[in-house]
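Novice:
Numbering (the UniProt record's numbering), first residue to last: 1 to 89.
#1: How about residue 55 and residue 65: are their beta carbons less than 8 Å apart?
#2: Under 8 Å between the Cβ atoms of residue 36 and residue 71?
#3: For the alpha helix (DSSP H) containing residue 26, list its first residue and its last residue.
#4: Residue 81 by DSSP, collapsed to three states: which one?
#5: Assuming residue 43 is part of the alpha helix (DSSP H), what are its boundary residues?
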């Protein structure tokens, strides 16, 4: 005979987590094009060494993450972002 306390282990426990999925901030703010000249937008996705934060932290899609990578490269080439730094602000 099954007790009520054992029933919760028989049902899937990740049902509640599917509703709380984080969305990509670009889709949430309706941003289709990542502008490489927008330094302040790019700065939100970089760590203190100037590297792009992982997708698990930023909740970006793979497509948006690739576009972010290209925008960072372009921003570095025109001189808005440094290639190497000790203190990134």
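Cβ coordinates follow ideal geometry from the N, Cα and C atoms, glycine included.
Quick caveat: nothing in here was measured; it's all calculated off a predicted structure.
Specialist: On the basis of the supplied data:
#1: Within the chain shown, residue 55 is the residue found at index 55, counting from 1. Within the chain shown, residue 65 is the residue found at index 65, counting from 1. Yes; because the gap between Cβ atoms is below 8 Å, this pair is in contact.
#2: Translated into the one-based positions of the chain shown, residue 36 becomes position 36. Translated into the one-based positions of the chain shown, residue 71 becomes position 71. Closer than 8 Å, so yes.
#3: Taking the first residue of the chain shown as position 1, residue 26 is located at position 26. 25-28 is the extent of the alpha helix (DSSP H) around residue 26.
#4: Here residue 81 is taken as the residue at index 81 of the chain shown, counted from 1. Three-state DSSP puts residue 81 in coil, outside helix and strand.
#5: Walking along the chain shown from the start, residue 43 turns up at place 43. Counting along the chain, the alpha helix (DSSP H) containing residue 43 begins and ends at 39-43.
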